[in-house]
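These notes concern the structure reproduced below.
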Amino acid sequence: MNVLVVNAGSSSLKYQLFDTNTDTVVAKGICERIGIDGSAIEHKQLLKGLKIEEKRAMKNHAEAMSIVVEKLLDSTYGCISSMDEIEAVGHRVVHGGAYFSESMLLSDDVLAKLRLCHDFAPLHTPAHIQGIEGCLAVMPEKPQVLVFDTAFHQTMKPEAFTYALPYELYRDYGVRRYGAHGTSHRFVAGEMLKILGRTEGTKIVTCHIGNGSSVSAVKDGKVMDTSMGFTPLAGVEMGTRCGDIDPAIVPFMMEKLNLTPAEASDLMNKKSGFLGVTGGYSSDSRDLEKAVAEGPANPHYEQANLAINILKLQLKKLIGAYAAEMNGLDAIVFTAGIGENNARLREIVCEDMSYFGIEIDKELNAKMVRQPNIVKLSTDASKVAVYLIPTNEELLIARDTEALVNAAK
Ligand code: ADP
676 MNVLVVNAGS SSLKYQLFDT NTDTVVAKGI CERIGIDGSA IEHKQLLKGL
726 KIEEKRAMKN HAEAMSIVVE KLLDSTYGCI SSMDEIEAVG HRVVHGGAYF
776 SESMLLSDDV LAKLRLCHDF APLHTPAHIQ GIEGCLAVMP EKPQVLVFDT
826 AFHQTMKPEA FTYALPYELY RDYGVRRYGA HGTSHRFVAG EMLKILGRTE
876 GTKIVTCHIG NGSSVSAVKD GKVMDTSMGF TPLAGVEMGT RCGDIDPAIV
926 PFMMEKLNLT PAEASDLMNK KSGFLGVTGG YSSDSRDLEK AVAEGPANPH
976 YEQANLAINI LKLQLKKLIG AYAAEMNGLD AIVFTAGIGE NNARLREIVC
1026 EDMSYFGIEI DKELNAKMVR QPNIVKLSTD ASKVAVYLIP TNEELLIARD
1076 TEALVNAAK
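Residue numbering for the sequence shown follows the working numbering, beginning at 676 and increasing consecutively.
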């Protein structure tokens, strides 16, 4: 089945056309600066290895969608000769609140519930709705499926998702842990379960470490706990996000720095993490690693080393905490930009974990950068399997879309 996977952001729309029979991406691209001056599309036809970049006016996501369709049908850069060749559209949705614990076929009721998620993801939800409405405008007859980044985490028990705040905040405003990156955690956990050859009794920690990062405890194939919370600001240190801090710091710094709530949020979301700890040097782990590798001669060495070590310690703590929560640990999975490519971080996280019986092949691990395959990093003597599993959220979205569309036939 050909499935168009759409990831609509506030001013962008990424897309991939998947052939689910072969699990291959036929075409992909991105529309940027939607609704802003200078909007453009970058489209790649992967079968022919062609790429085109074009400045095009796009007032909204519906206009962007019609340009995407034009490119997919283009006689040179396209890959289909008629819209009949696309059977369905799968949308990535960042937040499904407590309404959605699995992917859903679009209906009026589903769209109404998605609108209710607005406050949980105020930047993303309107963009998703525009993306969906754009598809409805351009291809009204195609079934659409919504795949929620929060859905996989809906198996958490109340003691894992409830904050120790006055209960009305949960009851009246939905303040609770929702988690994020669920589609990625589900994809890599699913691959890990295939390797383990069973689901019942399995205990996996999945580490999605990228610009945004989260860690999940997956027991029996279901999320038991996860590090992101009410919003994707919680959990471990990220590129520009602070992760977990003492909540009393928020009013303290607002008073000391004379910040509004929006400014405090901006500081914690955009000026913290690697960027904040390195005094504005960089939010990209590659830059930090370069400074660490160059040693004290590099002016950013000390802070870059500190920033990486903060993340290392937080990851170790979460692995320990989740092993305690699950009463054991069969596997640790590293994924996303840093998890897949920063070999040194993987090594220092797994170092000195012999209490848990974790041992990785350091030489093999050091070589595993920018490669597309699943790799076993642990030694045969290791009691815990450690794997690098490249994430593929789009593939999972395409698969869910195909399954739901087939089930509805
Ligand atoms: P996002 O959360 O935005 O999807 P990614 O998963 O792409 O982010 O992760 C971005 C991070 O991955 C950056 O910190 C970057 O340094 C790191 N990264 C990407 N490629 C490499 C690489 N080849 N080597 C080391 N780190 C990498």
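Heads up, the beta-carbon is just placed ideally off N, CA and C, and yes, glycines get one too.
All values derive from a computational prediction rather than experimental measurement.
- Beta-bridge partners of V1008 (DSSP): T881, Y1062.
- By the Cβ criterion, the region 831-847 is in contact with the region 889-907, since at least three pairs of Cβ atoms, one from each stretch, lie closer than 8 Å.
- Note: M779 is bridge-paired with L821 in the DSSP secondary-structure output.
- Contact annotation: the region 746-756 does not touch the region 771-780, with fewer than three C-beta pairs closer than 8 Å.
- Closest in alpha carbon position to G713, among S1053, R846, S687, is S687.
- With three or more CB-CB distances shorter than 8 Å, the region 860-878 counts as touching the region 1001-1009.
- Runs of the alpha helix (DSSP H) lying entirely within the region 894-951 and spanning at least 4 residues, in chain order: 924-931, 936-945.
- Residues whose Cβ lies closer than 6 Å to any heavy atom of the ligand ADP, listed in chain order: G885, N886, G887, G914, D959, S960, R961, A1011, G1012, I1013, N1016, N1017, V1044, R1045.
- The alpha-carbon separation between A1018 and M1043 amounts to approximately 7 Å.
- In the displayed model, D1055 falls within coil according to three-state DSSP, outside both helix and strand.
- In this model, G1032 and D1055 are separated by some 11 Å (Cα to Cα).
- By the Cβ rule, the region 878-896 counts as touching the region 910-930, because three or more pairs are nearer than 8 Å.
- A contact between stretches requires three or more CB pairs, one per stretch, nearer than 8 Å, and the region 841-854 fails this requirement with the region 924-943.
- Here V822 is near I1072, since their CB atoms are less than 8 Å apart.
- Within the same chain, and ignoring the five residues on either side of K726 in sequence, the residues whose Cβ sits closer than 6 Å to its Cβ are K719.
- Residue burial annotation: N933 is exposed, with fewer than 16 other C-beta atoms found within 10 angstroms of its C-beta.
- For Y838, there is no enclosing beta strand (DSSP E), as DSSP gives it neither H nor E.
- Close CB contacts of C754 within its chain, under the 7 Å cut and outside five residues either way in sequence, are with L692, V701, A702, Q720, L722, L747 (chain order).
- Contact between Q978 and Y956 holds: their C-beta atoms lie close to 7 Å from each other, under 8 Å.
- Separation of L1004 and K987 (C-alpha to C-alpha, rounded to the nearest whole angstrom) is 18 Å.
- In this structure L1052 touches I1035 by the C-beta definition: roughly 5 Å separates them, less than 8 Å.
- Take G684, set aside five residues on each side of it, and the residues of its chain with a beta-carbon closer than 6 Å to its own are A802, in chain order.
- Secondary structure of E977 (DSSP, three-state): helix.
- Rounded to the nearest whole angstrom, the CA to CA distance from D1075 to A972 is 51 Å.
- As the crow flies, the alpha-carbon of M740 is around 44 Å from that of K992.
- By the Cβ neighbour-count rule, Q1046 is exposed, with fewer than 16 other Cβ atoms within 10 Å of its own.
- For C706, the uninterrupted beta strand (DSSP E) run begins and ends at 699-707, by DSSP.
- For D694, the three-state secondary structure derived from DSSP is strand.
- When DSSP states are grouped into helix, strand and coil, G765 belongs to the strand group.
- Under DSSP, H718 takes part in a beta bridge, and its partners are G704, I727.
- Straight-line spacing of the CA atoms in Q805 and H736 works out to 6 Å.
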